[in-house]
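Undergrad:
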Amino acid sequence: VCLASISKAREREIETSMIIAGDLYDGSHILKSIALGADAVSLGRPITYACLSGSKFSGFLRRKSLRGTLRGLSESLLKVAMKGEGCKRGVMNYLESIEVEIKILASALDKYHVNKICKEDVGSLSKELADLFGIRYIYAPKAVPENWEIYMRQTERS
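Going by the numbering used here, the first residue of the sequence shown is number -16, and it counts up by one from there.
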């Protein structure tokens, strides 16, 4: 809802900035957020996990009791993990994979720079979300190719 409000404010030429955060961890999340009007995307938890995955403390991530939460890790443990080269490697691997994923997805949309991604590149399966964000509803009659209408007429005759 907040992202939709920012998008509408920009349409009225009101200057504002938006950083999206929360449960975003891959290139598709980043690309969709930017297409819908975000200026940046925060990746706090995924970066922390990437740091720990490359460090000597990666075993902590495999424990079922700690999986899915950072609360099980003490602040001092995180500080120690972040100082090592393994942490840097883990974060760099993660960021490089995100970069590649964004490039692949953008090129699939025939866009070769993230700044060229826009609302027209996003579709929704939900009519309510499509209306909220001002994006196309993929099941709308205009969203399907003209050949589809020809096909539908032919199947009605049969």
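Virtual Cβ for every residue (Gly too), placed ideally from N, Cα, C.
Would G37 be called buried (16 or more neighbouring beta carbons within 10 Å of its own) or exposed?
TA: G37 should be labelled buried.
Undergrad: A33: which of L19, I17, Y8 and A23 sits nearest, CA to CA?
TA: Ranking the options by Cα distance to A33, first place goes to Y8.
Undergrad: Using C-beta distances below 8 Å, list every residue in its chain close to I100, excluding the 5 sequence neighbours before and after it, in chain order.
TA: Correct list, in chain order: L14, I17, A18, A89, L92 and K94.
Undergrad: Can you find at least 3 beta carbon pairs, one from the segment 72 to 88 and one from the segment 23 to 33, that sit closer than 8 Å?
TA: With a cut-off of 8 Å, the segment 23 to 33 and the segment 72 to 88 count as touching, because enough Cβ pairs lie within range.
Undergrad: Within a Cβ cutoff of 8 Å, which residues of the same chain sit near S11, ignoring the five residues on either side of it in sequence?
TA: Correct list, in chain order: E84 and L88.
Undergrad: If you count every other CB in all the chains shown that lies within 10 Å of the CB of G20, and 16 or more means buried, which is it?
TA: With 16 or more other Cβ atoms within 10 Å, it is buried.
Undergrad: If distances are taken between C-alpha atoms only, which option among L61, N98 and Y122 comes closest to G106?
TA: That would be Y122, whose Cα lies nearest to the Cα of G106.
Undergrad: Can you check DSSP and say which residues form a bridge with Y120?
TA: Bridge partners of Y120: S107.
Undergrad: Which whole-angstrom value describes the C-beta separation of F116 and A4, a residue pair presumed to lie in contact below a C-beta threshold of 8 Å?
TA: With 8 Å as the limit, F116 and A4 do not qualify as a contact, their Cβ atoms being about 18 Å apart.
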